[in-house]
Amino acid sequence: MKFKSFYSHLFQFNREETRGDFILIKFLEFVMLFQVLMYAWRWAGYMPLLSEVILPLGIANYLDVTFMFQSGFAYANAAIISIFMLIGFLDKWRFSYIIALLFFHLHYVSRYSQGEISHGSNLTAMVLLSFALAAIFFQDKSVRRKISFGFVIFFAGLGYVSAAMSKLIGGGIFWSDGAHMYLWMGERSIDRLSQDGFFEFNLLQQLMFEHYWLSTLILTFGLLVELSGFLLWFKKTRWIQATLLIGMHVGILVTMNIYFGPYIYILLIIGFPWNDWINRVLEKKPHSELNTLIDRRLYA
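For the sequence shown, our numbering gives the first residue as 2, with consecutive numbering after it.
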């Protein structure tokens, strides 16, 4: 029974799909589409500047991806990703998202083959994986949408918990020592200085350098928020945990100048009961053209 209850928190098979559910999940799918295309074309513009693989990742351990650095290949791969993403979004072929994901992986390991690994696109790729798996294993569109959304919530919570555990494994219980924050802020200042030619610490960063306890407190807060990522899995605590995680990402931006915008947007979508709020608005005009249009797509 407990597992069944947990299962229902994620996938909500115990209730009929509503118009609000449909709009929310379709909007998440649209945001995923936008983010994947953004990364695909941005990375395609960077790859021609590369010449060799320094740090092989994923499939690059078995495949020489230097061909992606040659003229046109990166843009061709971006075009393939875009085509299959659009086919998947329009629901024309259920296997299109998994193909897009494979080419997106090739894109990622080619772009980040120089010794620097990006985390900014990980959640976007995880959302794509969720939609791809649901499309492969479930033919009913309503079930597929519920599975996709549930997978996103589950993997997001698991990802944050895993990130916290990795920090504890790598740095031990003293990972949140304020001195570590000093080191990371210093490293980021060098990155920004080399990129922009100018950098100045903001007020919060200056306060953290002056007060060791403040740096330690902020790192401890971030670690605890990540450790509690599993609270995303439960409906009653989801909005609280999403708010804390968004606050953590804003804190990372202010303290270390690292922007996790795609994470914030996805958390805003999955973390709050937008579907219930949308239903309340739509129920005020039950016979509106918008409701009719949604019903055509919902029961297609």
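Glycine is no exception: its CB is placed at the ideal position from the N, C-alpha and C atoms.
Residue i to residue j span [Cα, whole Å]
i    : j    : result
V226 : L169 : 13 Å
G160 : Y213 : 29 Å
S229 : I219 : 16 Å
L283 : K236 : 22 Å
G158 : M33  : 18 Å
D192 : L268 : 27 Å
K27  : S143 : 11 Å
A61  : N203 : 39 Å
F199 : M257 : 15 Å
Y40  : K93  : 23 Å
Q196 : G252 : 22 Å
I99  : Q207 : 46 Å
S190 : H120 : 19 Å
T217 : A165 : 15 Å
R281 : W275 : 10 Å
I259 : F35  : 21 Å
I174 : F70  : 42 Å
Beta-carbon spacing of residue i, residue j below 8 Å
i    : j    : result
S122 : L51  : no
L291 : F23  : no
S83  : G89  : no
F104 : I81  : yes
L91  : A133 : no
I148 : F231 : no
L25  : M86  : no
W176 : L215 : no
L254 : F150 : no
Residue i burial status per 10 Å Cβ neighbour count (16 or more: buried)
i    : result
L233 : buried
Y63  : exposed
M249 : buried
I270 : buried
G187 : exposed
G171 : exposed
L294 : exposed
R146 : buried
R20  : buried
I279 : buried
I137 : exposed
L205 : exposed
S131 : buried
N15  : exposed
L129 : buried
L56  : exposed
R297 : exposed
F68  : exposed
F155 : buried
G116 : exposed
Cβ-heavy atom distance, residue i to the ligand PLP, below 7 Å
i    : result
I270 : The model on display carries no ligand, and the ligand PLP is accordingly not part of it.
Decide if the segment 170–190 is in contact with the segment 240–252; the criterion is three or more beta carbon pairs, one per stretch, under 8 Å apart.
-> Touching, no.
Within the segment 69–146, note down every full alpha helix (DSSP H) run reaching 4 residues or more, in order along the chain.
-> As far as the segment 69–146 is concerned, its whole alpha helix (DSSP H) runs of at least 4 residues are 74–90, 97–112 and 123–138.
Just checking, does the segment 38–53 make contact with the segment 64–84 on the three C-beta pairs under 8 Å criterion?
-> Verdict: yes, contact present.
What are the complete alpha helix (DSSP H) segments, minimum 4 residues, inside the segment 237–292?
-> Qualifying alpha helix (DSSP H) stretches, in chain order: 262–271 and 275–284.
Below 8 Å, can you find three or more Cβ-Cβ pairs linking the segment 30–44 to the segment 104–113?
-> Using a Cβ-Cβ distance cut-off of 8 Å, the segment 30–44 and the segment 104–113 are in contact, since at least three pairs of beta carbons, one from each stretch, lie closer than that value.
Would you check if there are 3 or more beta carbon pairs closer than 8 Å linking the segment 122–138 to the segment 253–270?
-> Yes, they touch.
Complete alpha helix (DSSP H) runs within the segment 152–239 (minimum length 4 residues, chain order) = Within the segment 152–239, the complete alpha helix (DSSP H) runs of at least 4 residues are 179–197, 204–211 and 213–228.
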